[in-house]
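Enquirer: Residue numbers (my numbering): 92 to 392. One structure follows; several queries about it will come next.
Take a look at the structure:
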């Protein structure tokens, strides 16, 4: 009982001491209210002072006005900063990027036949003749012409060359050109020619023999009469002698505007050039000679 009383008195004294301490504690100072008349007039804002770095930037942009004082207040220099990227992931799914690629070729073979590509090029010589014969404008009737039947000093004779072949004749196809492909220049005497060929005649200063529908120069038959402006076969049209066939061809080409020389029955360079132009224009082999397809085209055979 005695202990209980001592403990009670101790607690009572502690409570009294704490209460006395709270009474003597200083109160916090309250803010004094400002007078109403001062609240109506607000103080003027202070001007913002520019930093030295800002003055340097202004001087760089306006170097001419460095020493002149400005009446306007300087604005602070603001530097543009890069726009921040949006690093937050988007909720929408990204579309795949498609790159243009060359169109794949169709490697499967086509069932349609390809058409050949034709390019414009100069017209080559010795064109393949057409299977359809060209119809003449008007049929040509051969005439018995009054020809000089002698050499022409303005047209040189061909020099003999053993086994001479006609240039380009290997490209002329068909039986109508067989005589040109097989021709070889040969030299024999009169006795040999008379024993092998029954028909040998003297025409325009040269001897010709007839064989299988063509006239050929008989080289060596008479060395004193060996004038041949052309060394090769001449188609024997309508059993006419060589000079008459040549003269009628010259006349036909003259009527069509190809030949502009004299009708003399000699197959010289001017006559051969006219024949070549006609053959080229009518899609014939350019033989520059008198052959059956050319006479058919002229309306003579």
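Built from N, CA and C at the ideal position, the CB exists for glycine as well.
Using a threshold of 7 Å, state whether the C-beta atoms of residue 377 and residue 367 are closer than that.
Expert: Yes, they are a contact pair.
Enquirer: On the premise that residue 297 lies in contact with residue 327, defined as a C-beta separation below 8 Å, what is that separation, rounded to the nearest angstrom?
Expert: Rounded, the Cβ-Cβ distance is 16 Å, inconsistent with contact.
Enquirer: Give the single residue among 375, 332 and 344 whose Cα lies nearest to the Cα of residue 361.
Expert: That would be 344, whose Cα lies nearest to the Cα of residue 361.
Enquirer: Among 287, 356, 389 and 105, which has the Cα closest to the Cα of residue 242?
Expert: It is 356 whose Cα lies nearest to the Cα of residue 242.
Enquirer: Please determine if the region 299-317 and the region 274-286 are in contact, where contact requires at least 3 C-beta pairs separated by less than 8 Å.
Expert: Taking 8 Å as the limit for Cβ pairs, the verdict is that the region 274-286 does touch the region 299-317.
Enquirer: Assess contact between the region 370-386 and the region 323-343, defined as three or more Cβ pairs (one per stretch) separated by less than 8 Å. Is contact present?
Expert: These segments touch.
Enquirer: Please check the pair residue 275 and residue 254, which I expect to be a contact at CB under 8 Å, by giving their CB distance rounded to whole angstroms.
Expert: Yes, residue 275 and residue 254 are in contact; Cβ-Cβ is about 5 Å, under 8 Å.
Enquirer: Where does residue 352 fall in DSSP's three states?
Expert: Residue state, collapsed to three classes: coil.
Enquirer: Put residue 344 into one of helix, strand or coil per three-state DSSP.
Expert: Helix.
Enquirer: Tell me, to the nearest whole angstrom, how far the beta carbon of residue 321 is from that of residue 295; I am working on the premise that it is less than 8 Å.
Expert: Their Cβ separation, rounded to whole angstroms, is 11 Å, which puts residue 321 and residue 295 out of contact at 8 Å.
Enquirer: Under a Cβ-count criterion, where at least 16 other Cβ atoms within 10 Å of its own Cβ denotes burial, should residue 96 be classed as buried or exposed?
Expert: That one is exposed.
Enquirer: Between the alpha carbons of residue 291 and residue 352, how many angstroms are there, rounded?
Expert: Cα-Cα distance, rounded: 28 Å.
Enquirer: Since residue 297 sits in a beta bridge, which residues does DSSP pair it with?
Expert: Note: residue 297 sits in a beta bridge opposite 294 and 317.
Enquirer: Using the Cα positions of residue 269 and residue 307, report the straight-line distance between them to the nearest angstrom.
Expert: The alpha-carbon atoms of residue 269 and residue 307 are separated by roughly 14 Å.
Enquirer: Which partner residues of residue 310 appear in the DSSP bridge assignment?
Expert: Bridge partners of residue 310: none, in fact.
Enquirer: Report all residues from its chain with a CB closer than 7 Å to the CB of residue 222; omit the five preceding and five following residues, and keep chain order.
Expert: Confidence at residue 222 is low in this model, with a pLDDT of 46, below 50, so the placement of that residue is unreliable and no value is reported for it.
Enquirer: Grab me the residues of residue 104's own chain with a C-beta within less than 6 Å of its C-beta, minus the 5 sequence neighbours each way, in chain order.
Expert: There are no such residues.
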